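Q: Residue numbers (the numbering used here), protein chains in the order written: chain A, 210 to 568; chain B, 713 to 993.
Here it is in structure tokens:
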């Protein structure tokens with residue numbers, strides 16, 4: 210199934226910014242000025258900092274923007290700081306240094322009431338261990354974020370019921386969480402996050418505890434839902450394939466530091482360093498490589514190409530290979546708005562599969 | 713060393729005298745409150761005729777616990793009546809329930825507070841250990857000095873003894889709520905007080921119920937000892953019988969005590985099995 214993927218390079222930079230991180234650092238343990246100075250100067254590594262200052266750097270100089278409506282994945286191994294970072298956005302954790310701007314306001318400068326408003330109306334969070342209250346029914350669990358708002362009980366339950374329908378669990382509303390499977394519980398978790406119709410979703414490794422088949426299914430469902438409802442999502446995962454499947458852009462974190470930010474194509478085709486290159490080695494390029502990155506502009510479009518099959522600039526590698534096999538063609542002509550802009554040979558296709566740069 | 717112990721002892725004596733002399737109003741108030749609670753609970757149990765009470769226990773026991781228990785309880789209570797100890801049995805029951813009620817009113821809110829305040833839990837555990845390890849009848853003596861003989865003193869000491877289990881279990885129940893649920897409450901935009909009432913207390917519910925159960929049983933144990941201070945009821949019956957070496961009376965009272973303790977224990981255990989909605993996941 211082809212998951213709808215917008216080409217973010219063109220459209221995203223024109224969208225307004227929903228969330229911004231500016232030089233965010235988070236220290237645990239000793240966070241005195243000396244430790245901060247040492248960490249910032251970069252003269253000491255993680256172990257030295259711990260030994261000398263008793264200071265653990267969880268997040269180091271995180272700066273990025275998340276545009277409205279996009280799904281921004283933060284991917285890293287355990288201990289990379291991603292779970293710590295995501296908790297900055299609803300101020301469950303406060304940064305030691307730096308600013309976190311959500312909807313134009315620095316969350317650390319918000320008073321308690323504004324913060325509670327932000328959390329209940331504008332942000333929804335989904336947790337790795339779901340955290341459904343076991344002594345409430347599914348419907349009552351979904352209604353939890355609504356209890357903080359001035360709504361009657363009937364309104365709360367009705368809204369929650371609709372949210373449950375969205376995730377396909379309308380028939381389970383009077384059951385208790387213990388009666389649901391792991392995948393269904395997490396769907397309830399998603400319904401709960403969506404209940405108050407927040408603009409922003411914070412997803413903390415929501416599918417990591419589920420088995421692979423359910424995980425895939427939920428990834429697809431989540432992608433459809435968040436696109437359909439135009440939500441801005443920050444999605445934490447340790448699974449690069451999941452990030453590629455779901456994310457419009459991905460940030461790779463290592464030991465608290467963000468190493469690379471880019472579209473799935475950027476990350477896979479142009480890894481920033483060996484660490485990232487290691488990660489992407491096993492990733493299939495069939496859906497990520499597009500025709501526009503393969504055409505050699507210097508290759509002249511000549512008469513013999515006229516009989517070649519055509520494809521569009523945006524067609525992915527899999528489509529091109531299928532086309533080449535179907536027509537048994539050595540060359541494919543690439544069109545852009547009716548004009549021929551270049552050709553791709555079979556050799557180009559083979560190189561693309563192997564990850565060898567064509568240009 | 714003995715000088716130190718002597719001055720320690722005389723200091724305590726002096727302190728007690730001072731309190732007794734100067735805090736009359738306070739103790740009068742305490743006595744009055746305890747009296748009032750005692751009388752209201754007493755009204756529930758001593759006023760109805762014996763067969764009404766036995767009937768209620770039979771029906772409640774039948775539906776809440778089981779047929780065998782209901783029959784044994786009814787027979788046991790009827791035996792109390794036949795031995796001429798009905799009013800003493802009801803009096804003891806009143807003492808236990810009213811003391812536990814007051815103890816819970818103090819212990820549960822205090823337990824919630826201690827459970828929420830991180831530093832307090834360890835300190836409170838130490839204090840509660842101390843209170844629970846001291847031999848129970850020691851608590852009767854200041855009671856006599858300050859409140860005199862009678863059921864009020866018994867109630868006071870019983871209340872004191874009944875506080876630690878409920879307090880401790882409530883505090884630990886609150887503390888033991890998994891962290892993810894506290895995070896959930898915050899992430900959803902709840903005020904801290906709301907997190908306590910909507911999330912933490914329901915989670916602590918089984919623990920609180922267990923605390924109530926323990927408090928009831930400890931209170932019962934204390935009430936029997938409190939016969940020494942003229943508490944009335946079965947405690948006094950046993951004490952008087954032992955003092956005057958009337959073995960038959962002592963055995964009668966003993967049987968009544970056993971019956972009452974079984975009834976109390978089973979009912980309060982049943983309370984401990986109450987779950988807030990559905991299965992605990």
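We put the CB at the ideal spot given by N, CA and C, even for glycine. All values reported here derive from a predicted model rather than from experimental measurement.
Are the beta-carbon atoms of residue 394 of chain A and residue 351 of chain A separated by less than 8 Å?
A: No, the Cβ-Cβ distance between residue 394 of chain A and residue 351 of chain A is not below 8 Å.
Q: Any beta carbon from chain A within less than 8 Å of residue 893 of chain B's own beta carbon?
A: Yes, contact with chain A.
Q: Is residue 331 of chain A near residue 225 of chain A, with beta carbons less than 8 Å apart?
A: In this structure, residue 225 of chain A does not lie closer than 8 Å to residue 331 of chain A by Cβ.
Q: Confirm, please, whether the CB-CB distance from residue 455 of chain A to residue 476 of chain A is below 8 Å.
A: Cβ distance not < 8 Å, so residue 476 of chain A and residue 455 of chain A don't count as in contact.
Q: Going by C-alpha to C-alpha distance, which of B:814, B:825 and B:919 sits closest to residue 869 of chain B?
A: That would be B:814, whose Cα lies nearest to the Cα of residue 869 of chain B.
Q: For residue 446 of chain A, which residues does DSSP report across the bridge?
A: Residue 446 of chain A is bridged to A:284.
Q: Suppose you measure from the CA of residue 420 of chain A to the CA of residue 427 of chain A; what does that come to, to the nearest Å?
A: Whole-angstrom Cα-Cα distance: 11 Å.
Q: Relative to the C-alpha of residue 800 of chain B, which candidate in B:859, B:863 and B:746 has its C-alpha closest?
A: Per the Cα distances, B:863.
Q: From the DSSP output, read off the bridge partner residues of residue 387 of chain A.
A: None; residue 387 of chain A has no bridge partner.
Q: Just by C-beta distance, which residues in the region 895-906 of chain B are closer than 8 Å to chain A?
A: Those residues of the region 895-906 of chain B that come within reach of chain A (Cβ to Cβ, closer than 8 Å) are 895, 896, 898, 899, 900, 901, 902, 903 and 906.
Q: In chain E, what lies closer than 8 Å to residue 911 of chain B by C-beta?
A: Although the question refers to chain E, the structure presented lacks it and instead comprises the protein chains A and B.
Q: If you draw a straight line from the alpha carbon of residue 397 of chain A to that of residue 939 of chain B, how long is it in whole angstroms?
A: Each residue's Cα considered, the two are about 58 Å apart.
Q: Given 8 Å as the limit, is there contact between the region 944-963 of chain B and the region 908-927 of chain B, that is, 3 or more CB pairs closer than that?
A: With the cut-off at 8 Å, the region 944-963 of chain B and the region 908-927 of chain B do not touch.
Q: Name the DSSP beta bridge partners of residue 422 of chain A, please?
A: DSSP output for residue 422 of chain A lists no bridge partner at all.
Q: Under DSSP, the beta strand (DSSP E) around residue 801 of chain B begins and ends at which residues?
A: Not the beta strand (DSSP E): residue 801 of chain B falls in the alpha helix (DSSP H), residues 798-828.
Q: Is residue 524 of chain A helix, strand or coil when you go by DSSP?
A: Reduced to three states, the DSSP call for residue 524 of chain A is coil.
Q: Name, in chain order, the residues that DSSP records as bridge partners for residue 551 of chain A.
A: Paired residue(s): A:543.
Q: Starting from residue 238 of chain A, trace the alpha helix (DSSP H) in both directions and tell me its first and last residue.
A: That residue, residue 238 of chain A, is in no alpha helix (DSSP H); its beta strand (DSSP E) goes 226-238.
Q: Taking the beta strand (DSSP E) that residue 469 of chain A falls in, what are its first and last residues?
A: Run containing residue 469 of chain A: 466-471, per the beta strand (DSSP E) assignment.
Q: Assign residue 458 of chain A to one of three DSSP states: helix, strand, or coil.
A: Of the three classes helix, strand and coil, the one that applies to residue 458 of chain A here is strand, per DSSP.
Q: Exposed or buried, residue 531 of chain A, counting other C-beta atoms within 10 Å across all chains shown (16 or more means buried)?
A: Per the 10 Å Cβ criterion, exposed.
Q: Considering Cα atoms alone, identify which of A:469, A:300 and A:327 is closest to residue 317 of chain A.
A: Cα-wise, what sits closest to residue 317 of chain A is A:300.
Q: Smallest Cα separation from residue 743 of chain B: which of B:935, B:866, B:884 and B:963?
A: That would be B:866, whose Cα lies nearest to the Cα of residue 743 of chain B.
Q: Throw me the rounded Cβ distance for the residue 384 of chain A and residue 347 of chain A pair, which I believe falls under 8 Å.
A: Going by Cβ atoms, the distance from residue 384 of chain A to residue 347 of chain A rounds to 5 Å, so yes, they are a contact pair.
Q: Helix, strand or coil, according to DSSP, for residue 409 of chain A in the structure here?
A: Residue 409 of chain A: strand per DSSP, three-state reduction.
Q: List the DSSP bridge partners of residue 310 of chain A.
A: A:229 and A:315.
Q: Judging by CA-CA distance, which residue of A:416, A:519 and A:433 is the nearest neighbour of residue 184 of chain A?
A: Look at the range of chain A in this structure, 210 to 568, and you will see that residue 184 of chain A is not part of it.
Q: Given a threshold of 16 other Cβ atoms within 10 Å of its Cβ, counted over all protein chains shown, does residue 905 of chain B qualify as buried or as exposed?
A: Result: exposed.
Q: Report the three-state DSSP secondary structure of residue 767 of chain B (helix, strand or coil).
A: Correct three-state label for residue 767 of chain B: helix.
Q: Roughly how many angstroms lie between the CA atoms of residue 943 of chain B and residue 861 of chain B, to the nearest whole one?
A: Those two C-alpha atoms are separated by around 8 Å.
Q: Considering only residues of the same chain and omitting the five flanking positions on each side of residue 968 of chain B, which have a CB-CB separation below 6 Å?
A: Closer than 6 Å at Cβ, skipping near neighbours: 792, 797, 801 and 946.
Q: Quick check: what's the CA-CA separation for residue 319 of chain A versus residue 493 of chain A?
A: Taking the straight line joining both Cα atoms gives about 44 Å.
Q: Within 8 Å of any Cβ in chain B, is that where the Cβ of residue 336 of chain A sits?
A: Yes - at least one Cβ of chain B is within 8 Å of the one on residue 336 of chain A.
Q: Give a yes or no on whether 8 Å exceeds the smallest Cβ distance from residue 914 of chain B to chain A.
A: Residue 914 of chain B counts as touching chain A.
Q: Which value, in whole angstroms, describes the spacing of the CA atoms of residue 779 of chain B and residue 981 of chain B?
A: So the alpha carbons of these two residues sit roughly 16 Å apart.
Q: Measuring straight from C-alpha to C-alpha, what distance separates residue 357 of chain A and residue 322 of chain A?
A: Going by the C-alpha atoms only, they are around 11 Å apart.
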